[in-house]
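Trainee: Just so we're aligned: the sequence shown equals residues 2 to 88 in the working numbering.
I'd like to ask you about the structure that follows.
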Amino acid sequence: MTPTDTHIRRRLGPWTATLLIVASMIGTGVFTTTGLLLADIGSPQAVLACWLVGGLLALSGALSYAELATALPHNGGEFLFLSRIYH
């Protein structure tokens, strides 16, 4: 076996990375809470509207973190963001 045979091609494009993050955030909650929401609200359209509002809020938070990571491209995560902003 030559070294080229053991080389693994690593490809993680923007679409795959986005779906990976969405899958890790949503998990099984979409299946367990939808029935509870429908029992409380009673309208499938209102349940979809709740999911849409929640998705937009999550998207705004994710875009805020993306802006912070672009402005401060160093290791440290939230500690770095907060220490640079408030100190």
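The C-beta atom is built at its ideal place from N, Cα and C for all residues, glycine as well.
Taking the alpha-carbon positions, what's the ALA67 to MET26 distance?
Mentor: If you take the alpha carbons of ALA67 and MET26, they lie about 16 Å apart.
Trainee: Going by beta carbon distance, what residues of the same chain come within less than 6 Å of THR19, once the five residues before and after it are set aside?
Mentor: Around THR19: no qualifying Cβ.
Trainee: Along the chain, where does the alpha helix (DSSP H) that runs through LEU73 open and close?
Mentor: Premise fails: LEU73 is in no alpha helix (DSSP H) and is neither H nor E.
Trainee: Between which two residues does the alpha helix (DSSP H) containing ILE42 stretch?
Mentor: That run of the alpha helix (DSSP H) goes 30-42.
Trainee: Run the CB neighbour count on VAL23, radius 10 Å, all protein chains shown included, and call it buried at 16 or more, exposed below.
Mentor: VAL23 comes out exposed.
Trainee: Applying the criterion that 16 or more other CB atoms from any shown protein chain within 10 Å of the CB defines a buried residue, is VAL48 buried or exposed?
Mentor: Burial call: buried.
Trainee: How many angstroms separate the CA atom of GLY56 from the CA atom of LEU37?
Mentor: Going from the Cα of GLY56 to the Cα of LEU37 covers about 18 Å.
Trainee: What residue range is occupied by the uninterrupted alpha helix (DSSP H) comprising LEU83?
Mentor: Its alpha helix (DSSP H) spans residues 78-87.
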